[in-house]
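Here the structure is laid out as C-alpha cells; the discussion comes afterwards.
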Amino acid sequence: MIQIKHLSKTFQNPDGSTITVLKDVNCEIEKGEVISIIGPSGTGKSTFLRALNMLEPPTTGEIIVDGENITAPGYPLDKLRRKMGMVFQSFNLFEHKTVLENIIYAPMELLKIPEAQAKEEAMELLKKVGMAQKADVYPSSLSGGQKQRVAIARSLAMHPEVILFDEPTSALDPTMVGEVLSVIRQLAKSGLTMLIVTHEMRFARDVSTRIFFMNEGIIYEDGTPEQIYEHPVHSATKAFVNRIQKLVYEIDSDNYDFLQIHTDINRFCIKYNITGKQDLAYSLLKEMLFTHMRTFRPLTFRLTHTELSDVTALDFMVEGLNDSPLTDAARESIHPQVKELIEEQTTRGFRVKLII
Ligand code: ADP
Ligand code: MG
C-alpha cells in the first residue's frame, strides 16, 4: 500500500547551516498493518510521519501510495490528506467550535457530505470513542484524554485508509493515557492501517503487527514485536527497549517532603501501569527509611521500573558505607511480597535493593 524509497529530509537553520534529520528511510507498509514507531527523541520520528503525508515535503526520495508517487510535483495533496489522517500530541481541535462541529467540519467542506448525514456519522463516531454525551460542549471544558478521543473521531470522520498518530498520549496526565490507548486498541482491531509513534512499550508490543525502531535518522531495526523486544539484532535496540524508568531522591533528613514522594510514586505507578505495586512501594519506603535505615543519612532513594520485563525495585544507596545497614532482625521482618533482597557493596557505598 505504501512504499518509501530513500527518503531523506534536511532542514536549513536560520544561520544557513543544515541538519539532516532523515537520512535514508526505506520501507513497505501493507494494508491493515499496525506499526509502532519507537526510538529516542530527536531521531526523526515526527519528521517521518510529517513527510509521509507531505506536511513536511521530503528533500529526496519517493513515497508511493496505492501505486501513485505522492512526492511527484503537482500531485494533488487534498487527495492524499483524504486517505491519510493524522492525530497530533497536542490535539489541534478548533477551540471556537463545539465537539460535533469539530468533527463535521472537514467532511462537509472537503467531502461535501450533507450536514444531516455528517452529524449522524459524527454521533456514531463519538459513541465509538465514548464521547457522545459531550457533542455540544466546547473543547475547553474537556480533559486532555477527552480532547484526544475527539481528535481521533475527527480524523475517522474523513474515512481515511491510514491514520498517523504522533505520540497521542505524551501530552496527557498519566490517569488519562489508558482511555486513549484503549480507543486506539479498538481501532487496531478494525483493519485500519495505522502508524503510531509512541513511548508506551507494552502498548506497542500488544497492539502492533510490526515495530520500527528509529535511531539516527533511519529505520534502524524493523520487525515483529517479538523480534524487536525479545531478540533485537542491534545493541542500540536492545538498550532502548530495556531502558529503565526511574524516580530519584536525595534524602538527607526525616523532615524530607514525603508527601511529594508519595504523589510522585502514585503518578509513576499510574504512568507505567503498576498501580498494584504502589501501596507496597510506599509502605516499604517508609519502613526502610524510618525503621531499618533511620540512622543512615544522607541516602539516595531510587524507584526503578523496567517496563518490558515488569521488574520494579526500590534502591537505597548510602554513600561511603562499608557494611550493610540492615540488622538480622530487619532482614527477617522484610515484607513477604518482596521478591528479592539484594545487599551489595559498591565503589560508591552500600546498596540495599528490594525487588517487588
Ligand atoms: P522525534 O519526533 O524523533 O523526537 P523530530 O522529527 O521531531 O524527532 O526531530 C528530529 C530533529 O529534527 C530534531 O533535532 C529537531 O530539532 C529537528 N527539526 C525538526 N523540525 C525542524 C524544522 N522545521 N527545522 C529545523 N529542524 C527541525
Ligand atoms: Mg516527535
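Quick note, my numbering runs 8 ahead of the 1-based positions in the sequence shown. Glycine included, C-beta positions come from ideal geometry on N, C-alpha and C. These numbers come from a predicted model, not from an experiment.
Asked: Since Phe56 and Met222 are thought to touch, with beta carbons under 8 Å apart, how far apart are those beta carbons, to the nearest angstrom?; Found: 7 Å
Asked: Starting from the N-terminal end, write out each residue whose C-beta falls within a distance shorter than 7 Å of any non-hydrogen atom of the ligand MG.; Found: Ser49, Lys53, Ser54, Asp174, Glu175, Val205
Asked: Would you mind sorting Ala289 into buried or exposed? The rule is 16 or more other CB atoms within 10 Å of its CB.; Found: buried
Asked: Under the three-state reduction of DSSP, which class applies to Lys17: helix, strand or coil?; Found: strand
Asked: Exposed or buried, what is Ile160 when buried is set at 16 or more other beta-carbons lying within 10 Å of its beta-carbon?; Found: buried
Asked: Among Glu187, Thr106, Pro233, Glu229, which one has its Cα closest to the Cα of Gly152?; Found: Glu187
Asked: Could you spell out the range, first to last residue, of the beta strand (DSSP E) harbouring Asp272?; Found: Counting along the chain, Asp272 falls outside any beta strand (DSSP E), though it belongs to the alpha helix (DSSP H) covering 266 to 279.
Asked: Restricting to runs no shorter than 4 residues, where is the alpha helix (DSSP H) found entirely within the stretch 189 to 218?; Found: 209 to 215
Asked: Should Thr283 be labelled buried (16 or more other beta-carbon atoms within 10 Å of its own) or exposed?; Found: exposed
Asked: Where does Ser44 sit, in a helix, a strand or coil, going by DSSP?; Found: strand
Asked: Could you check where the alpha helix (DSSP H) with Asp86 kicks off and where it finishes?; Found: 85 to 91
Asked: Within 10 Å of its beta-carbon, does Thr320 have 16 or more other beta-carbons around it, so buried, or fewer, so exposed?; Found: buried
Asked: Could you have a look at Asn250 and say whether DSSP puts it in helix, strand or coil?; Found: coil
Asked: Is Val185 close to the ligand ADP? I mean its beta-carbon at under 7 Å from any heavy atom of the ligand.; Found: no
Asked: Taking the alpha-carbon positions, what's the Ser166 to Met131 distance?; Found: In the sequence on display, residue 166 carries Met and not Ser. The alpha-carbon atoms of Met166 and Met131 are separated by roughly 14 Å.
Asked: Over the uninterrupted alpha helix (DSSP H) stretch that includes Lys136, give me the two end residues.; Found: 123 to 136
Asked: Enumerate in chain order the residues of its own chain whose CB-to-CB distance from Thr308 is below 6 Å, with the five nearest sequence positions on each side excluded.; Found: Glu258, Met325
Asked: For the structure I just gave you, are there three or more beta carbon pairs, one from the stretch 52 to 66 and one from the stretch 103 to 115, closer than 8 Å?; Found: no
Asked: Excluding the 5 residues flanking Leu88 on each side, which residues of the same chain have their C-beta closer than 8 Å to its C-beta?; Found: Asn61, Met62, Val73, Ile78
Asked: By alpha-carbon positions, which one of Ile252, Glu229, Asp260 ends up nearest to Thr245?; Found: Glu229
Asked: Buried or exposed for Lys294, going by 16 or more other Cβ atoms inside 10 Å?; Found: exposed
Asked: Tell me, which residues are paired with Ala404 by DSSP?; Found: An answer regarding residue 404 cannot be provided, because it is not within the stretch 9 to 364 covered by the chain.
Asked: Have a look at Lys347, Cys35, Gly357 and flag the residue whose alpha-carbon is nearest the alpha-carbon of Ser332.; Found: Gly357
Asked: Nearest CA to the CA of Gly69: which residue from Met296, Ala212, Cys35, Val95?; Found: Cys35
Asked: Does the separation of the CB atoms of Ile219 and Phe173 fall below 8 Å?; Found: no
Asked: Of the residues Tyr280, Asp287, Phe19, Ser341, which one's Cα is nearest the Cα of Ser317?; Found: Tyr280
Asked: Would you call the CB atoms of Leu297 and His343 closer than 8 Å?; Found: no
Asked: Relative to the C-alpha of Gln353, which residue among Lys347, Met139, Gly328, Lys142 is closest?; Found: Gly328
Asked: Keeping to the same chain, check which residues put their C-beta closer than 8 Å to that of Gln345; ignore five residues upstream and five downstream.; Found: Leu288, Ile364
Asked: Excluding the 5 residues flanking Gln156 on each side, which residues of the same chain have their C-beta closer than 7 Å to its C-beta?; Found: Phe99, Pro176, Leu180, Val188
Asked: For Ala338, I'd like the list of residues in its chain whose CB is within less than 6 Å of its CB, leaving aside the five on either flank, ordered along the chain.; Found: His300
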